[in-house]
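**Q**
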Amino acid sequence: MGFMAKNKFHEGAGPSQRQLRVGETVRRALSDVLARGDVHDTDLNRLSITVGEVRISPDLKIATAYVLPLGGEGQDEVLKLLARNKNELRRQVAKKLTLKFSPDLRFQLDRTFDRMDDTRRMLNQDVVRRDADAPDDDAADCAPDQ
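Take the sequence shown: its letters are residues 0 to 145, numbered as in numbering that gives the first Met the number 0.
1) Can you check which of these residues, Val50, Ala62 and Lys94, is closest to proline 68 by C-alpha distance?
2) At 3 residues or longer, what runs of the beta strand (DSSP E) sit wholly inside the region 83–113?
3) Could you pull out every residue in the same chain whose Cβ sits closer than 6 Å to the Cβ of lysine 7, ignoring the five residues on either side in sequence?
4) Is the Cβ-Cβ distance between serine 47 and glutamine 18 less than 9 Å?
5) Grouping DSSP H, G and I as helix and E and B as strand, with all else coil, what is arginine 45?
6) What does a CB cutoff of less than 8 Å around arginine 45 pick up in its chain, not counting 5 residues either side in sequence?
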């Protein structure tokens, strides 16, 4: 009974170098298509959309683009417009790629900025600031004697 060889170079839970490289290439191409207004949809072309990240599935067949409209307003409308034009976006992106197959595009809202705001808000709380400003007892024990 034969076994398939394991990939010696990628055994972690994170994305492979190839996934990261293809994801960044798709992100740039998609950003370019959206910025230039190459899609024949006036509703989509009137919006300024930021493509923060594109994650690619391990088989490179599905690309999930994390997007956000400029100013953060009309998020649901943006997702609907992108979903409505995903086939045309896929064709436009495929023209810019050197891949054998163009990945299927999926769209989700980019929540990175929301998480950054939540983190900033948490770090500004009095309790957290007091703990962060308190002297570290372990650091005093490790200091070299003079």
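Note that the Cβ used here is the ideal one computed from N, Cα and C, for glycine as well.
On a predicted model such as this, the values are computed, not experimentally measured, just so you know.
**A** To lay it out plainly:
1) Val50
2) 103–108
3) Low confidence applies here, because lysine 7 scores a pLDDT of 48, under 50, leaving its location unreliable; read the following figure in that light. Contacts found: none.
4) No, they are not a contact pair.
5) coil
6) none
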